[in-house]
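Protein chains in written order, with the numbering used here: chain P, 12 to 250; chain E, 382 to 669.
Using N, Cα and C, we set each Cβ at its ideal position, and we do this for glycine too.
Nothing here was measured: the structure is a model prediction, and the numbers come from that model.
Everything below concerns the one structure shown next.
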Amino acid sequence: MNNLTRLVAGEFQRLAKYKILQSGLGVTVLWVLVLFLIGRDEGGLFIPLFLFMDLTMMTVLLIGAGLFYERQENTLKTLLITPTKLSHIIFSKLISAVYIALQSAVFLGLLGYLFFDSTVKFYYLLPFTLLIALTHAMIGYTFSVLVKDFTGLLAAIMSYMILFAFPSIFYALDILGDTWEYLLLISPTHGSMLLVDLSFGKSVAPALIILSVLYLVALSFILAKFIVFPKYIEKAIKE
Amino acid sequence: MAKKIIEVKNLRFTYQKDAVKAVDGIDFTVHEGEIFGLLGPSGAGKSTTQKILIRLLKGYEGSISYFGKDLSTYDNTFYEDIGVGFELPVHFSKLTGAENMAFFSKLYKKQVDVGPLLKRVGLYEDKDRLVGEYSKGMKMRLNFVRALLNDPKVLFLDEVTNGLDPKNARIIKDMIREFKEAGGTVILSTHLMNDVEELCDNIAFISSGKIREIATPRALKLKHGRRIVDVEYQHNGQTTTETFELDDIGNNADFLNLIKTREIETIHSGETSLDDIFIKVTGEQIHE
């Protein structure tokens with residue numbers, strides 16, 4: 012067992028102790044209740060939307076709030092004085108966030124397949140969930156290393172939702188027309204939504220799929236290389 | 382001659398957003414088996430120096446050698462052999478004391494039995510309570526145990542007795558002394574004169590990022606202390622005090638006459654406290 016494995020095990024222990032795993036499960040149960048209330052005919056249409064929100068907003072919130080809380084407890088700092096690589100510390104949180112996202116994806120995917128007659132392409136759903144969660148975990152990291160306090164973090168998350176997540180949701184609900192699509196492509200949430208849609212059998216142009224994947228990969232890399240890794244230590248040791 | 386563990390030469394450091402140097406050209410050497418104290422008020426540069434020495438702050442000027450090798454050339458295995466006691470509690474509040482120790486302990490190759498350490502600092506009975514329920518003093522004691530988890534060779538301690546009652550502060554100080562007696566080296570940052578006076582072999586007075594003086598506590602007292610003797614005695618039913626120069630006191634007729642003829646209540650040599658010496662050397666108050 013290397014230190015990355017030990018850090019990941021520690022992450023899961025804390026996710027359970029801090030009741031984050033249970034809260035995630037609670038949100039999923041809430042989605043299920045809403046889906047059954049909507050009814051079998053319409054409910055299936057909402058599954059990709061609920062999953063999209065889980066993979067994007069919940070992941071940003073999970074990483075951002077978790078890091079903020081740990082910084083308050085000074086535990087980020089004490090991890091830095093262990094024989095552990097910085098990359099392992101950062102990856103351990105990414106892995107736990109991606110695991111929670113995959114759990115949601117599998118659960119909602121099976122729910123759609125078994126109870127709502129949804130078309131679920133698991134061979135797309137699983138890798139795309141991984142990519143979307145990874146990118147949004149990196150966005151959560153970015154917010155938490157750039158903002159000063161918890162209010163700043165909430166403001167950043169709200170701004171992200173209003174600027175990026177809501178337009179994609181409006182587009183999915185046909186509130187925004189097709190002419191907005193190319194403008195929406197600058198948003199990481201829209202690329203995420205296209206990939207979720209594809210996983211649930213919706214037809215998406217191959218060019219848009221390739222563009223979305225490249226965009227999310229490039230964004231994750233850029234945020235990691237130029238913001239998260241360089242700023243992490245500075246933020247962790249600030250008292 | 383004891384082996385050099387840390388050798389700092391002309392160390393300078395400026396925080397990105399500050400114009401003033403937090404550490405401004407300091408030099409010192411710490412030898413094996415020594416307790417070296419960095420003493421100064423808040424903002425003097427002692428915590429910054431500690432953070433540089435434990436490799437949390439990079440981008441410094443000057444040179445630091447650790448066990449004879451440039452500190453910047455070490456990788457993360459550097460942390461296998463050091464223990465760090467931070468000024469503030471550094472634990473997961475929703476985990477118990479034992480769970481916290483188990484988690485951190487697993488990250489090191491060398492691990493000690495935590496039970497005896499927890500017993501020694503009086504936390505064994507509370508090891509299964511959530512750290513969030515601990516008092517500040519309990520958290521600080523757990524911090525100290527955390528610093529010893531990997532059986533370190535060198536301890537970096539920052540305000541280690543902060544928030545502790547005298548009984549628990551005594552236990553921690555005894556443990557630090559035992560660590561030194563077992564061959565360990567300690568770098569202690571503090572603003573508490575008592576800690577320094579009781580523990581340190583050498584002290585560096587630090588203020589405004591500069592080291593103003595380095596010496597043993599005894600040498601500092603001899604150099605800067607007042608060499609006098611105060612005698613309190615009864616005279617006409619009242620306590621009276623007279624002060625004599627310590628030098629050649631055996632031939633001071635007035636002093637000898639006084640102790641022969643009066644009812645002496647107390648005799649004190651006029652030792653200057655380290656507090657007073659610090660103010661004299663740096664021109665700054667140490668208390669926070």
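Using the C-alpha atoms, what's the distance from residue j back to residue i?
i	j	result
residue 473/E	residue 81/P	8 Å
residue 595/E	residue 73/P	49 Å
residue 531/E	residue 69/P	37 Å
residue 611/E	residue 446/E	47 Å
residue 153/P	residue 513/E	28 Å
residue 518/E	residue 468/E	12 Å
residue 470/E	residue 84/P	7 Å
residue 45/P	residue 57/P	9 Å
residue 550/E	residue 582/E	19 Å
residue 463/E	residue 642/E	60 Å
residue 567/E	residue 28/P	35 Å
residue 186/P	residue 442/E	58 Å
residue 524/E	residue 545/E	12 Å
residue 456/E	residue 450/E	12 Å
residue 602/E	residue 569/E	20 Å
residue 183/P	residue 201/P	9 Å
residue 655/E	residue 422/E	13 Å
residue 93/P	residue 485/E	8 Å
residue 459/E	residue 106/P	26 Å
residue 620/E	residue 631/E	24 Å
residue 147/P	residue 249/P	24 Å
residue 15/P	residue 383/E	38 Å
I need the DSSP call for residue i, collapsed to helix, strand or coil.
i	result
residue 84/P	coil
residue 51/P	helix
residue 420/E	strand
residue 455/E	coil
residue 472/E	coil
residue 616/E	strand
residue 39/P	helix
residue 542/E	coil
residue 129/P	coil
residue 671/E	Since the first residue shown for chain E is 382 and the last is 669, residue 671/E is missing from the structure and cannot be characterised.
residue 649/E	strand
residue 605/E	helix
residue 443/E	strand
residue 480/E	helix
residue 513/E	helix
residue 147/P	helix
Pull up the CB-CB distance for residue i and residue j, whole angstroms please, since I reckon it's below 8 Å.
i	j	result
residue 607/E	residue 663/E	Wrong, their Cβ atoms sit about 18 Å apart, outside the cutoff.
residue 508/E	residue 479/E	4 Å
residue 104/P	residue 77/P	7 Å
residue 368/E	residue 25/P	Outside the displayed span of chain E (382 to 669) sits residue 368/E, for which this structure offers no information.
residue 554/E	residue 529/E	With 8 Å as the limit, residue 554/E and residue 529/E do not qualify as a contact, their Cβ atoms being about 14 Å apart.
residue 144/P	residue 112/P	3 Å
The stretch 527-545 of chain E / the stretch 503-510 of chain E touching (three or more Cβ pairs under 8 Å): Judged by Cβ distances under 8 Å, the stretch 527-545 of chain E makes no contact with the stretch 503-510 of chain E, as fewer than three pairs qualify.
Residues of the stretch 491-508 of chain E with Cβ closer than 9 Å to any Cβ of chain P, in chain order: Those would be none; no residue qualifies.
Members of the stretch 68-87 of chain P near chain E, C-beta cut-off 7 Å: Within the stretch 68-87 of chain P, the residues whose Cβ lies closer than 7 Å to some Cβ of chain E are 84, 85 and 86, listed in chain order.
Interface positions of the stretch 461-472 of chain E facing chain P (Cβ-Cβ less than 7 Å), listed along the chain: Taking 7 Å as the Cβ-Cβ cut-off against chain P, the residues of the stretch 461-472 of chain E that qualify are 461, 465, 467, 469, 470, 471 and 472.
Sufficient close CB pairs (3 or more, under 8 Å) joining the stretch 402-420 of chain E to the stretch 558-573 of chain E: By the Cβ criterion, the stretch 402-420 of chain E is in contact with the stretch 558-573 of chain E, since at least three pairs of Cβ atoms, one from each stretch, lie closer than 8 Å.
Members of the stretch 17-30 of chain P that neighbour chain E once the beta carbon cut-off is set at 9 Å: Answer set for the stretch 17-30 of chain P: 17, 18, 20, 21, 24, 25, 28, 29 and 30.
The stretch 199-214 of chain P in contact with the stretch 177-189 of chain P per 3-pair CB rule at 8 Å: Contact holds: three or more Cβ-Cβ distances are below 8 Å.
The stretch 431-450 of chain E touching the stretch 537-548 of chain E, judged by at least three CB pairs closer than 8 Å: By the Cβ rule, the stretch 431-450 of chain E counts as touching the stretch 537-548 of chain E, because three or more pairs are nearer than 8 Å.
Contact the stretch 46-66 of chain P vs the stretch 126-145 of chain P: 3+ CB pairs below 8 Å: Yes, they touch.
Cβ-based contacts, 9 Å cut-off: residues of the stretch 142-175 of chain P near chain E: Answer in chain order: no residues at all.
Cβ-based contacts, 8 Å cut-off: residues of the stretch 474-493 of chain E near chain P: So the close ones are 474, 475, 476, 480, 484, 485, 487, 488, 489 and 490.
Contact set between the stretch 432-451 of chain E and chain P, restricted to residues whose Cβ is under 7 Å from the partner: Residues 432, 435 and 437.
Stretch-stretch touch, CB-based, cutoff 8 Å, three pairs: the stretch 156-164 of chain P with the stretch 206-222 of chain P: The count of Cβ pairs closer than 8 Å, one atom from the stretch 156-164 of chain P and one from the stretch 206-222 of chain P, stays below three, leaving the stretches out of contact.
Sufficient close CB pairs (3 or more, under 8 Å) joining the stretch 226-233 of chain P to the stretch 139-151 of chain P: Result yes; three or more Cβ-Cβ pairs closer than 8 Å.
Selection of the stretch 514-544 of chain E by Cβ proximity to chain P, strictly under 8 Å: Contact residues of the stretch 514-544 of chain E toward chain P are 527 (C-beta to C-beta distance below 8 Å).
At least 3 beta-carbon pairs within less than 8 Å: the stretch 387-400 of chain E vs the stretch 234-242 of chain P: Cβ pair count under 8 Å is below three, so no.
Positions along the stretch 83-112 of chain P whose CB lies within less than 7 Å of some CB in chain E: Within the stretch 83-112 of chain P, the qualifying residues are 84, 85, 86, 88, 89, 91, 92, 93, 94, 95 and 96.
Contacting positions in the stretch 222-238 of chain P - beta carbon closer than 7 Å to chain E: Hits within the stretch: zero.
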